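Notes for the one structure printed next.
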Amino acid sequence: MEITIALAGNPNSGKTTLFNALTGSSQRVGNWPGVTVDKKVGKLKKYKDVAVIDLPGVYSLSPYTLEEVVSRDFLINEKPDAVINLVDGTNIERNLFLTTQLLDVGIPVVVALNMMDAVKKAGDRIDTEKLSGLLGCPVAEISALRGDGLSDLARIAVETAQAQSKTTKSAEASLAAAPAVSGGRFSEPTETALRALAELIRAYTSPETRRWYAIKLFERDEKALALLGLPATVAAEAEGLIALCEETLDDSSESIITGEAYVYVSRITDACVEKVQVEMSASDKIDAIVTNRWLGIPVFVAAMFVVYFVSVTTVGTFVTDFTNDMVIGGGIQAPLAEFLLSVGTAEWLTGLVVDGIVGGVGAVVGFLPQLLILFFFLAILEDCGYMARVAFLMDRVFRKFGLSGKSFIPLLIGTGCGVPGIMAARTIEQRRDRRMTIITTTFMPCGAKLPMIALIAGALLQNAWWVAPSAYFLGFASVVVTGVMLKKTKPFAGDPAPFVMELPPYHFPTASNIGHSMLERASAFAKKAATVYTLASILVWFASSFGFDGDGAFGMAQDLNSSVLYYIGNSFAWIFSPLGFGDWQPAVASVMGLAAKEDVVAVFGILTSIGDADAAFSLAETADMAALAPVAALFSGPLAAYAFLAFNLLCAPCFAAMNTIRQEMRNPRWTLAAIGYECGFAYVVALLIYQFGCFFGGRGFTAGTAAACVLLAALLFLMFRPAPKYKKEHPHAASHS
Amino acid sequence: MPLAFLKSGETGVVKGVNGRDDTKRFLESLGFVAGAPVSVISELSGNMILSVKDTRIALDRGMARRIMV
C-alpha cells in the first residue's frame, strides 16, 4: 500500500532543500519566498512505496495567494497519510502559527525543526521534548541543508503515517463514537462557539475533519464552506453563534482565531525556547546598506553590472571564443569534413553533417560557457537572499508604471531563461499584475538570445560595447512602456497589489545549490542541442540544399537561390520589409527562432557555411569582421541588423516559453493575446528603429517614415492619455484566478 | 497611530490591522497581531522593512498605514 507524506511549511523554510535530500531529486531552490510554485512529487529514499509531496510555502491555510490555494487544496482534498511540517527554528514563533492550523486539519503532523545548526550557532535553545509534548505531535531536529537528522525524520514520518492508516480504519468502523473535537487552543468563549459549531455540522463532516471545518465556519471561510454545502437553516444558526462570540470578544471572527492562535504559540515558545537577545543581526547590518535610501540603488546597479557585464562581455566572451576557436571551428568542422570524404562518404551526407549539424548546432554550443557564467551569477543572486531586497528596492519604481516590486523577480530570472521567469510570476497575488508580468517577462533578453546579440554585434556593429547593454535596456524599456500603456486599458486598470514580502536572512550561497543550478542548465541545454537544434539544423540544411533546378526537376540545389528554403522564405519575407530585413534568410532565421532562440544563430551558421565550403562558418572570432562577412552580407546595413535584433529580442519567445505562458495564463484567449501583443510590439519597435534610423540617416521622408510617425504618435497617445475611469472591480474577485 | 509614522530604528506594539479583507488576514498570519512588538529596520520613501516575530517583512506604504501601533 502506498503512503503519501506531504511537506508543508512557511515560504523559504527549506522545504525544497529537504525534499531534494529526502528523495534525491534536484528541484529548484532559492533564497526568497515562493520558489516552489506548484507541488512536486518524489519517492522517499530507502523506503518502498512512500511518496513525498513538496507543497509550496504558506503562512497559513487561509488562501491568500495561488500557492496557498495549491497547498490547502492538496491537504483537504487528497488527504495525505501524514504531514511533515517544516519549522524554521530560527523563526519559530511565526512558523508554529501554521503548525497550529495543520494540527487542526485532522492529518497526523510531524514537526521537523529545521536550521537547528543555525539555532545552536546563535546560542539559542529549544526544548524539543517539551515542544513535542505541548503540541501533541512528534518533533524531530534536522538541518536540511547539511543533511542532519534526516533518516530519523523519515522513519518517524513513515511510522506516523502507518499508524494513521490503521486508526483510520478503526475510526471508520466506529464513526459514531469518535470525539467531536480535540484540543483547547483558543479562549473559552471561542472554544465554546467552536464546540457548538462542530455539533451543528456533525452530520456533514467526518470526525477527523470536524474541528477544521468548525474553525473555517467560524472564520466564515467561503471556499472551505462551499465544500460542505450546509443547508440555509444550519448556516443561519451558525451565523448566530459566530456573531455572539464576536460580540463577547469585540473583534471579527477571523482576527479572534488568528490572534488567539498567536497567543497560544507564544505560550508554547515561552515554555520551550530560550533566545539570546541580539541587538542587530548580520542580515540587518547588510540590509542597513543595501536597502539604504541612498546606497540601495547604486549597490543594485553595481550588482547588475557585475552579473551582466562580466558574463556577457569579459569572462564569458573569453571562454566562449576559446571554445569556438579551439574546439568547434578549427578542431571539428574541417578535420571532420576531410575524414568523412576520405572514407568515401557521399558529398551530400558530408555536407549535412559538417555544414548542417556541426555548423548549426556548433554555432550554438560555443555559447554554452558564456551561458553557464551568466547562470552562475544568477544562481548566486537567487541563493544569497538579495532577490527579495531587490523586489523591495524596485517596488517604488515599479509602482509608478503600475507593477509591484514582485514583478522584478520574474524579469531578473527571465534574463537567464524565460521559462522559470514566467513561472516565478506566480508569487504575484493579483491576477492582472500577474498577467502583465507574464506578458512582459520575455522582453528581457534571455540567455538563449545572447548568441544572437553577439553575432549581430560582431558581424555588423564592429562589436560595439553598447550593443549588449542596449539589448537589456530595450527589454526593460519595453516592460515599462507596456506597463504604462496597458495600465490604461480595462483588463489591467487599477492599483498594483499591495507589496508584502518576507525578507529571508542572507546566507552564503552553497556550492551544491549553485552546482545544481548550473548542471540543470547545462543538461537542459545539452538536451535542446541534441533535439531541437539538431532537428532544426537538419531541416534547414535540407531545405536550403535541395530545390528545383532550371528544368523544374527536384534535386541538390545549385545555389541557395534555387533552394526550397529560398521559396519558403520569400513567401513571407515581405512582412519584414518595412523593418529593413525583408530578405529571405533573416526572415527564415526569425521564424526558426520560435523553436529556440539559439536557432537564429544556427540558421545563419548553416546558410553561410553552405555557400563557402572552405571557410566553414564559426563564431570563432566574433571580433573579426572579415570572418563574419557572410553574415553581414545578409543585411542591408547595421541599421537593418539592429532592427532585426530588436524584433527577435521582443517578439514571441520560443515554444517552451510560449507553452509556459499558456500554462500560467490558463486561458487560451489570454495566451493568444500575450503572444500577439509581444509580436505586434516587437514589429512596431523594429519598424520605428529602422524607419527613423533611415530618415535621420538622410534617406529622406518616405511612406515608411510616415507610417513610423503615425505608429509613434499612437504609442505616445496610449502611454500619455489620461487614464479612463473604469468601474472598480471587486477587490476579492481580482485577487484569485 | 499608523505604523507608517514610525521612523527607522523605532519600536512599537501592534494594536490591530484596519479593514476586513484578505490583506488583513495575510498581515495577521505574518505576525502583525495585537500585542506583537514591531520595529522598523529601514524605510525607503514610505516602504518599510519591519522586524516582527523574529522575521523581516517588507511592506509598502499603503500597508504600513493600515497597521496600528
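Residue numbers (the working numbering), protein chains in the order written: chain B, -1 to 735; chain P, 132 to 200.
Cβ atoms here follow ideal geometry from the backbone N, Cα and C, with glycine treated the same way.
Computed from a predicted model, the values in this text were never measured in an experiment.
Where residue i sits in the DSSP three-state scheme
i        : result
Thr186/P : strand
Ser176/P : coil
Ile105/B : coil
Ile140/B : coil
Lys41/B  : strand
Ser510/B : helix
Pro296/B : helix
Phe373/B : helix
Ile420/B : helix
Pro229/B : coil
Met554/B : strand
Ala641/B : helix
Thr289/B : coil
Arg151/P : coil
Glu141/P : coil
Val171/P : strand
Pro443/B : coil
Ala491/B : coil
Val276/B : coil
Leu158/P : helix
Leu111/B : strand
Exposure label - residue i; buried when at least 16 CB within 10 Å
i        : result
Gln275/B : exposed
Trp463/B : exposed
Phe303/B : exposed
Thr231/B : exposed
Lys167/B : Confidence is the limiting factor: at Lys167/B the pLDDT is only 47, short of 50, which leaves the residue's position unreliable, though a coordinate-based value still follows. It is exposed - the Cβ of Lys167/B has fewer than 16 other Cβ atoms within 10 Å.
Met132/P : exposed
Val708/B : exposed
Pro177/B : Residue placement at Pro177/B is flagged as unreliable, the pLDDT there being 38, under the threshold of 50; a coordinate-derived value is accordingly withheld.
Asp393/B : buried
Phe699/B : exposed
Ala427/B : Here residue 427/B is Glu; the residue named in the question, Ala, does not match the sequence. Label assigned to Glu427/B: buried.
Lys184/P : buried
Ala614/B : Because the pLDDT of Ala614/B is 38, which lies under 50, any placement of that residue in the model is unreliable, and the number read from its coordinates should be weighed accordingly. It is buried - the Cβ of Ala614/B has at least 16 other Cβ atoms within 10 Å.
Asn8/B   : buried
Leu16/B  : buried
Val68/B  : buried
Tyr724/B : exposed
Leu339/B : exposed
Ile355/B : buried
Pro168/P : exposed
The alpha helix (DSSP H) enclosing residue i, as first and last residue numbers
i        : result
Ala680/B : Pro666 to Cys692
Asp146/B : No alpha helix (DSSP H) holds Asp146/B; DSSP gives it neither H nor E.
Gly702/B : Ala701 to Phe718
Asp86/B  : No alpha helix (DSSP H) contains Asp86/B, which is instead part of the beta strand (DSSP E) from Ala80 to Asp86.
Gly474/B : For the sequence presented, residue 474/B should be read as Phe rather than Gly. Val465 to Leu484 is the span of the alpha helix (DSSP H), which, as asked, contains Phe474/B.
His567/B : Checking the displayed sequence, the identity of residue 567/B turns out to be Gly instead of His. Note, Gly567/B: alpha helix (DSSP H), Val562 to Ala571.
Glu186/B : Glu186 to Leu198
Asp581/B : Looking at the DSSP string, Asp581/B is not in any alpha helix (DSSP H), and its letter there is neither H nor E.
Asp191/P : Taken as a continuous stretch (DSSP letters only), Asp191/P belongs to no alpha helix (DSSP H), as it is neither H nor E.
Distance CB(residue i)-CB(residue j) smaller than 7 Å
i        : j        : result
Gly445/B : Leu372/B : yes
Ser542/B : Ser560/B : no
Pro106/B : Gln162/B : yes
Thr606/B : Val629/B : yes
Leu20/B  : Leu42/B  : yes
Arg387/B : Thr508/B : no
Asp102/B : Arg209/B : yes
Gly383/B : Ser535/B : no
Phe645/B : Leu563/B : no
Leu716/B : Met483/B : yes
Residue span of the beta strand (DSSP E) that contains residue i, given as start and end
i        : result
Val48/B  : Val48 to Asp52
Glu500/B : Val498 to Leu501
Ile3/B   : Ile1 to Gly7
Gly349/B : Element bounds for Gly349/B: not the beta strand (DSSP E) but the alpha helix (DSSP H), Glu345 to Gly349.
Gly545/B : Phe544 to Phe546
Note to self: For the stretch 153 to 161 of chain B against the stretch 78 to 95 of chain B, do three or more pairs of beta-carbon atoms, one drawn from each stretch, fall closer than 8 Å, so that the two count as touching?
What the structure shows: Judged by Cβ distances under 8 Å, the stretch 153 to 161 of chain B makes contact with the stretch 78 to 95 of chain B, as three or more pairs qualify.
Note to self: Taking 8 Å as the cut-off, does the stretch 581 to 592 of chain B touch the stretch 363 to 376 of chain B (at least 3 CB pairs, one atom from each stretch)?
What the structure shows: Put simply, the stretch 363 to 376 of chain B does not touch the stretch 581 to 592 of chain B. Fewer than three CB pairs are less than 8 Å apart.
Notebook entry, point to check: Looking at C-beta atoms only, is the number of pairs between the stretch 275 to 289 of chain B and the stretch 488 to 507 of chain B that lie closer than 8 Å three or more?
Noted result: Cβ pair count under 8 Å is three or more, so yes.
Notebook entry, point to check: Would you call the stretch 100 to 117 of chain B and the stretch 163 to 179 of chain P touching, i.e. three or more CB-CB distances under 8 Å?
Noted result: The answer is no - the stretch 163 to 179 of chain P does not touch the stretch 100 to 117 of chain B, with fewer than three Cβ pairs under 8 Å.
Notebook entry, point to check: Do the stretch 264 to 271 of chain B and the stretch 114 to 132 of chain B meet, that is, are 3 or more Cβ pairs less than 8 Å apart?
Noted result: The answer is yes - the stretch 114 to 132 of chain B touches the stretch 264 to 271 of chain B, with three or more Cβ pairs under 8 Å.
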